[in-house]
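Participant: Encoded as structure tokens, here's the structure I'll be asking about.
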Amino acid sequence: MAKKARPEHHEEHADESWLLPYSDLMTLLLALFIVLYAMSSANVSKFEAMAEAFDSVFNGGKGIMEHTSTTEDSKTQDGSKTVEQMAAEKAAVTKKDTADDTLAKLKKKEQEDLTKLKKQLDSYINSNGLSNQLDTKLNQSQLQITISDKALFASGEATVKPNSRTLAAAIANILKNFPGYNIQVIGHTDNVPISNNAFKSNWDLSSGRANNFMQVLLKNPNLDPVRFTSTAAGEYHPVASNATASGRAQNRRVEVSIIRNYQDSENKISTSNATSP
């Protein structure tokens with residue numbers, strides 16, 4: 000008796016047709032979330048990111064690495080700073096802070112030097128009973144030594160008196176210990192007109208006195224002539240009234256100014272009309 004053939008068993012496959020609409024739904028949801036995210040805080044970078052995302056979803060777009068690069072570029076376009084920019088700014092701030100600290104230390108050292116110089120000059124003045132003829136003043140721009148004309152010159156003359164050269168030598172001997180400063184010698188007169196064979200005006204007299212006293216200072220070989228200038232001020236910068244004899248005596252003077260190296264620009268003394276030794 001022949002055996003009956005068993006019906007062949009066919010494996011049934013699950014219906015996967017639902018995957019297509021599901022993937023479309025996920026795509027639409029992704030697009031929706033991107034739009035919502037962009038609308039929540041709209042700016043150029045997010046719109047560009049949204050455009051990149053749409054391009055990636057619908058057209059294949061760029062690879063992950065390329066998309067990351069575009070996002071980083073967009074951050075610089077919307078005004079935010081790159082790591083390199085922030086590092087450069089930090090380095091600039093650090094450099095400025097270092098420069099400020101260095102300048103502060105230099106100013107402090109300069110103040111100490113000029114204070115010490117003033118004390119040495121004052122000590123010499125007091126020890127020799129010269130307080131009526133010499134005076135020192137330290138301010139924001141300079142250390143100023145003021146010398147009465149009678150301590151240096153005969154009336155109406157510009158030649159340094161022989162017995163006054165000792166005074167000039169003493170001042171020079173103190174100045175030599177403080178190199179590195181520019182020194183300006185300025186001649187002043189009162190407003191009494193002068194006209195003789197040697198000088199036609201107070202300009203000439205003040206110029207001759209400043210230059211001659213500077214030359215005596217520079218007899219000291221330890222002083223650098225490059226650091227020195229002489230200036231004529233004539234009668235135009237009085238420190239007292241020219242209406243009295245005592246006031247005119249105060250105005251007839253020579254000033255030796257040791258100029259600060261570190262000062263505000265408005266405090267700097269002009270050296271126009273100065274003559275070199």
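Just so we're aligned: 189 in numbering that gives the first Met the number 0 is position 190 of the sequence shown, and the numbers increase by one with no gaps anywhere.
Just so it is clear, CB atoms sit at the ideal spot from N, CA and C, and this is done for glycine as well.
The structure presented is a predicted model; accordingly, all values stated were derived computationally and were not measured.
Terminal residues of the continuous beta strand (DSSP E) containing residue 227?
Facilitator: For residue 227, the enclosing beta strand (DSSP E) has its first and last residue at 227 to 233.
Participant: What is the DSSP secondary structure of residue 222, counted as helix, strand or coil?
Facilitator: coil
Participant: With C-beta atoms as the reference, is residue 142 less than 8 angstroms away from residue 116?
Facilitator: yes
Participant: Report the residue ranges of all beta strand (DSSP E) runs contained in full by the segment 104 to 137; include only those spanning at least 3 residues, in chain order.
Facilitator: 133 to 137
Participant: Examine the Cβ distances between the segment 118 to 127 and the segment 167 to 180 and report whether three or more of them are shorter than 8 angstroms.
Facilitator: yes
Participant: Mark residue 83 as exposed unless 16 or more other C-beta atoms lie within 10 angstroms of its C-beta, in which case mark it buried.
Facilitator: Classification for residue 83: exposed.
Participant: Below 8 angstroms, how does it come out for the segment 180 to 188 and the segment 232 to 252: are there three or more Cβ pairs, yes or no?
Facilitator: yes
Participant: With distance defined between alpha-carbon atoms, name the residue in 243, 209, 237 and 239 nearest to residue 227.
Facilitator: Looking at 243, 209, 237 and 239, the one whose alpha-carbon comes closest to that of residue 227 is 209.
Participant: With burial defined as no fewer than 16 other Cβ atoms inside 10 Å of the residue's Cβ, what is the status of residue 207: buried or exposed?
Facilitator: buried
Participant: If I'm right that residue 216 touches residue 244 with Cβ under 8 angstroms, what's the distance once you round it to whole angstroms?
Facilitator: That belief does not hold up - the Cβ atoms of residue 216 and residue 244 are roughly 29 angstroms apart, past 8 angstroms.
Participant: So is residue 213 buried or exposed if we call it buried at 16+ other beta carbons inside 10 Å?
Facilitator: Counting of Cβ neighbours within 10 angstroms places residue 213 among the buried residues, the total reaching 16 or more.
Participant: Suppose the cutoff is 8 angstroms on Cβ atoms and the five residues either side in sequence are ignored; what does the same chain contact list for residue 247 look like?
Facilitator: Excluding positions up to five away in sequence, the list reads 189, 190, 191, 239 and 241.
Participant: Once the 5 residues before and after residue 182 are set aside, which same chain residues still bring their CB inside 6 angstroms of it?
Facilitator: Only 226, 227 and 257 meet the Cβ criterion.
Participant: Nearest to residue 147 by alpha carbon, out of 262, 112, 139 and 130?
Facilitator: Among 262, 112, 139 and 130, the Cα nearest to that of residue 147 is on 130.
Participant: Straight-line CA distance for residue 27 to residue 89?
Facilitator: Each residue's CA atom was taken as its position, placing residue 27 and residue 89 some 45 angstroms apart.
Participant: How big is the Cα-Cα spacing for residue 99 and residue 36?
Facilitator: 47 angstroms
Participant: Under the three-state reduction of DSSP, which class applies to residue 158: helix, strand or coil?
Facilitator: coil
Participant: Run through DSSP, which three-state label would residue 33 get?
Facilitator: helix
Participant: With a threshold of 7 angstroms on Cβ separation, who are the neighbours of residue 124 within its own chain once the five nearest residues in sequence on each side are excluded?
Facilitator: 130 and 133
Participant: Just to confirm, are residue 233 and residue 201 a CB contact at a threshold of 8 angstroms?
Facilitator: Residue 201 is positioned such that its CB atom lies closer than 8 angstroms to that of residue 233.
Participant: Pick out the complete alpha helix (DSSP H) segments inside the segment 155 to 209, 4 residues or longer, and give them in chain order.
Facilitator: 164 to 174
Participant: Determine which residues share a DSSP beta bridge with residue 145 and list them.
Facilitator: 134 and 254
Participant: Can you tell me which of 140, 161 and 139 puts its alpha carbon nearest to the alpha carbon of residue 149?
Facilitator: 161
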